[in-house]
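For reference, the structure discussed in these notes is given below.
There are 2 protein chains.
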Amino acid sequence: MSEILVVGSIAYDTISTPAGKAERTLGGSANYFSLAASLYSKVRVVGVVGDDYAEADYEMLTKRGVDTRGLQKQKGKTFHWTGQYKDDMNEAITLATDLNVFEHFNPQIPAEYKNSSYVFLANIDPVLQLRVLEQIERPKLVASDTMNFWISSKLPELKKVLAKVDVLLINEGEADAITSKSNAIASAQEILKLGPKAVVVKRGEYGFVLYTKEGYFILPAFPIAEVVDPTGAGDTFAGAFFGYLAKQNNGFELATLKQACVQGVLLSSFTVQAFGVERLRKLTWAEVEGRHAEYLKVTNL
Amino acid sequence: MSEILVVGSIAYDTISTPAGKAERTLGGSANYFSLAASLYSKVRVVGVVGDDYAEADYEMLTKRGVDTRGLQKQKGKTFHWTGQYKDDMNEAITLATDLNVFEHFNPQIPAEYKNSSYVFLANIDPVLQLRVLEQIERPKLVASDTMNFWISSKLPELKKVLAKVDVLLINEGEADAITSKSNAIASAQEILKLGPKAVVVKRGEYGFVLYTKEGYFILPAFPIAEVVDPTGAGDTFAGAFFGYLAKQNNGFELATLKQACVQGVLLSSFTVQAFGVERLRKLTWAEVEGRHAEYLKVTNL
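Listed below in structure tokens is the structure:
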């Protein structure tokens, strides 16, 4: 088994959706990713929390075997995002972003993490993503995510990141924004020219497109009739995808990438069934296997 | 082989998309449906055209073996729709609707059509859809489509139609509008309560959900990097779907419905590659088979 390093945000989120509201529920890309990836592989996490960060919230990760020595605790408050989903559960409306200690986050990779072979750069400033990569000795596989804010404000830096990553996992709208295309296939083709060997275009409730030079692959999401909160679905997908790749540890086989995407679909379908990380933290492997069988039944010809 | 009757619109469309513009290109639900369905089964069409309707446009159908005796020619102009697609190719913006002879369309089913065993009610006034059904002796399978205009203006009449149809094929947004749900699975479950034994929720570039009491099935669309004009994709899907069902003529097997949906995906993927019916009218069976093999490759685990 290979060690995964994830660098991303740790947050408390206040979220309202048509299904209800959650106040200061645990969130952040690094938490979703770590909870998902730790079902497959050893995970090391780097992030920053404030002095309000609850002991139980560290424990949620350590209970799953996640190495949290890379979580810096700083004076001040933990990052707090306030958001809303209206009818379109595919689109979050940001009401407030209180960066707090996350504002001056400068990821320091602990010495004992520097030999990590799988590195996931969650959605943070591309300048910081580059700084993380400089601190890793010899990564075997690097994947990253990003968002519209960086695409519009730091595209040159983002392109430097893309030149160094093997896999980009990105939302469909963001893929289109990077490439000025309006179609997942066309965008993925352009993104491959920027460096990545594979792109996973995440389409929310419509699933994903996996695009590589060797071939591509498209499947829908696992259908959920009652979505409670879509927050973190993309980070959960990334965690399951990357966790599976690290567990298999057989390089860059298209067949492995396909199965990794399916794991992403399955785990993210649980995340959206409750607010924050509530469903994901209780998830058992038996539940994943049950849903896997159902997924094959409803998508395979 | 069973005979399919389709009742729908015949139109000239003026369409602009990011890929260009087409003036008075041949369209209308009955044309798209008939061109697609006639690759599988015998088709009989009922509709209304004006005295400007070109001889060559009848011939397009008769060359494919479609029985056009049900096309009434009336004084005046053929229905003319003017529409536009901007960045979102999933959403048509109507600029003008010149109903012309279509305004007082009153479908008369020719005596020789009354024994049709497969009946497709394309998107027309639900009052007319009911009037069509009254004229058919003993249909074996009835399917229908509709649109937001009828959902908001004639929901009680539409529900009477749904009580009489076996399959509803409908866009995702329209399915949600009928049921006040915001999710294809939830909407499909509600629609089954209104009468249909199966619902096909069409999701444009994201494919479809097939939902029945016996099970459901979800797949993406065939990926097209350069969509020229999405007009008619849904009617093409319906034509291929229904044509395949009539050809198999084995009732209501889930396995048959699944394969019928795949035929819908394949044929509609050709329609969007050119304006109007241009790509569909030239389509060969060998092309469909080639794309079928590719589709299986990129969607099957």
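Sequence lines, in order, name chains A and Z. The first sequence lines up with residues 0 to 300 when you count with numbering that gives the first Met the number 0. The second sequence lines up with residues 0 to 300 when you count with numbering that gives the first Met the number 0. We put the CB at the ideal spot given by N, CA and C, even for glycine. Everything numeric in this text was worked out from a predicted model, so none of it was measured.
So that I know if they touch, is there some Cβ in chain A lying closer than 9 Å to that of L300 of chain Z?
For L300 of chain Z, a Cβ of chain A is located within less than 9 Å of the residue's own Cβ.
Which residues of chain A have a Cβ atom closer than 9 Å to the Cβ of Q188 of chain Z, listed in chain order?
A224
Would you call the CB atoms of I190 of chain Z and I223 of chain A closer than 9 Å?
no
Closer than 9 Å, CB to CB, is D228 of chain Z near chain A or not?
no
Using 9 Å as the limit for Cβ to Cβ distance, is Q128 of chain A near chain Z?
no
Rounded C-alpha distance that separates Y294 of chain Z from P106 of chain A
43 Å
Residue-chain proximity (A245 of chain Z, chain A), Cβ-Cβ < 9 Å
no
Going along chain B, which residues have a C-beta under 8 Å from I184 of chain A?
Note that chain B does not occur in the displayed structure, where the protein chains are A and Z.
Contacts of R202 of chain A in chain Z (Cβ-Cβ under 9 Å):
By Cβ distance, chain Z contributes Y205 and P219.
At 7 Å on the CB atoms, spell out the chain A contacts of V297 of chain Z, in chain order.
Y215, F216 and I217
Quickly, what does DSSP pair T211 of chain A with across the bridge? List them, please.
Paired residue(s): A:A197 and A:G214.
Just list the beta strand (DSSP E) runs in the stretch 10-76 of chain Z, keeping only unbroken ones of 3 residues or longer that don't cross its boundaries, in chain order.
10-16, 19-26, 41-48 and 66-72
What in chain Z is Cβ-close to V261 of chain A, meaning under 7 Å?
L300
Closer than 8 Å at the beta carbon, the chain A residues around K257 of chain Z:
L300
Neighbour-count burial assignment, G250 of chain Z, 16 or more Cβ in a 10 Å radius:
exposed
Distance, T61 of chain A Cα to Q179 of chain Z Cα:
The amino acid at residue 179 of chain Z is misidentified as Gln; the sequence shows Ser. Computed Cα separation, rounded: 43 Å.
Going along chain A in order, which residues have a C-beta closer than 9 Å to the C-beta of S181 of chain Z?
P17, D86, D87, M88 and V226
Taking 9 Å as the threshold (C-beta atoms), are F207 of chain A and A220 of chain A in contact?
yes
Report the partner residues of F119 of chain A according to the DSSP bridge assignment.
A:V5 and A:A142
Quickly, what does DSSP pair I169 of chain A with across the bridge? List them, please.
A:V200
At least 3 beta-carbon pairs within less than 8 Å: the stretch 231-249 of chain A vs the stretch 261-274 of chain A:
Touching, yes.
Report buried or exposed for W149 of chain A, applying the criterion of at least 16 other Cβ atoms within 10 angstroms of its Cβ.
When all chains shown are included, W149 of chain A counts as buried.
Pull the bridge partners of F78 of chain A from the DSSP assignment, please.
A:A10
Option in A:A121, A:E286, A:E277 and A:S152 with minimal Cα separation from G238 of chain A:
A:A121
Rounded to whole angstroms, what's the CA-CA distance from S28 of chain Z to A259 of chain A? Just pull it up for me.
41 Å
In the DSSP assignment, find the beta strand (DSSP E) that holds L94 of chain Z and state where it starts and stops.
I92 to D97
Taking the continuous alpha helix (DSSP H) assigned at P155 of chain A, which residues delimit it?
L154 to L161
Please report the Cβ distance between W80 of chain Z and D12 of chain Z, rounded to the nearest whole angstrom; I am assuming they are in contact, meaning their Cβ atoms lie under 8 Å.
5 Å
Among residues of its own chain, excluding the 5 on either side of L244 of chain A, which ones have a beta-carbon nearer than 6 Å to its beta-carbon?
A259
Kindly indicate the opening and closing residues of the alpha helix (DSSP H) around K246 of chain A.
A232 to Q247
Based on the DSSP secondary-structure assignment, which residues constitute the bridge partners of Q83 of chain A?
A:S15 and A:I92
Do L98 of chain A and V44 of chain A have their beta-carbon atoms positioned less than 9 Å apart in this structure?
no
Report yes or no: is there a C-beta of chain Z within less than 9 Å of the C-beta of V199 of chain A?
no
How many angstroms separate the CA atom of E171 of chain Z from the CA atom of D87 of chain Z?
15 Å
N-terminal and C-terminal residue of the alpha helix (DSSP H) that E286 of chain A is part of
W284 to T298
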